[in-house]
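Engineer: Note that UniProt numbering gives residue 122 to position 122 of the sequence shown, counting from 1, and the numbers run on in steps of one. For glycine and all other residues, C-beta sits at the position ideal for the given N, C-alpha and C. Bear in mind that the values here come from a model prediction, so they are computed numbers and not experimental data. Quick one: the structure is below, and I'll ask about it shortly.
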Amino acid sequence: MKRSEHGNRSDTNTDYPFPLLCFLKLHTYTRVQVSIDICGVDHPSRKRRFSVVHNLLSTRYNSHIRVQTSAVEVTRISLVVSPFPSAGRWEREVWDMSGLSCYFVRENLNYYNYFELLDLVHII
């Protein structure tokens with residue numbers, strides 16, 4: 001884990017964010033309780049074009065930890081909803097805004113889908 005002026009940062013492989021985040025939540029010296037947000041960053045000049053950044057907070061030790069994962073367009077990101085239930089909304093936002101897909105993520109109900117849903121259910 002690298003220490004910088006903005007806090008702790010950990011770069012990880014695409015297959016390992018779930019075990020790493022579980023470790024950070026359960027380990028005695030980190031005790032991360034909150035997933036602040038998940039961001040998708042697009043770097044068009046890189047070979048691994050996308051980065052997924054998990055920002056975590058430990059209220060017990062008053063520290064922030066940033067876990068960064070690089071991915072290509074077709075890579076599926078593993079879900080982190082079981083250790084952090086609030087992460088489900090952020091994962092859907094990453095999928096909706098950057099196109100990176102997570103396992104079992106449902107589509108956000110945006111303006112266009114809402115009216116299609118109303119037509120299907122006949123509630124108008």
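1) At 3 residues or longer, what runs of the beta strand (DSSP E) sit wholly inside the segment 10-46?
2) V80 and F18: beta carbons closer than 7 angstroms?
3) Excluding the 5 residues preceding and the 5 following V34 in the sequence, name in chain order all residues of the same chain whose CB lies nearer than 6 angstroms to its CB.
4) Thinking V67 and H54 are a contact (beta carbons under 8 angstroms), I'd like their distance in whole angstroms, please.
5) Nearest-angstrom Cα distance between H122 and S51?
6) Can you tell me which of V32, L21, L20, T28 puts its alpha carbon nearest to the alpha carbon of S63?
Structural biologist: Reading off the structure:
1) 34-42
2) yes
3) L57.
4) 4 angstroms
5) The predicted position of H122 is uncertain, since its pLDDT is 48 and thus under 50; no value can be drawn from it.
6) V32
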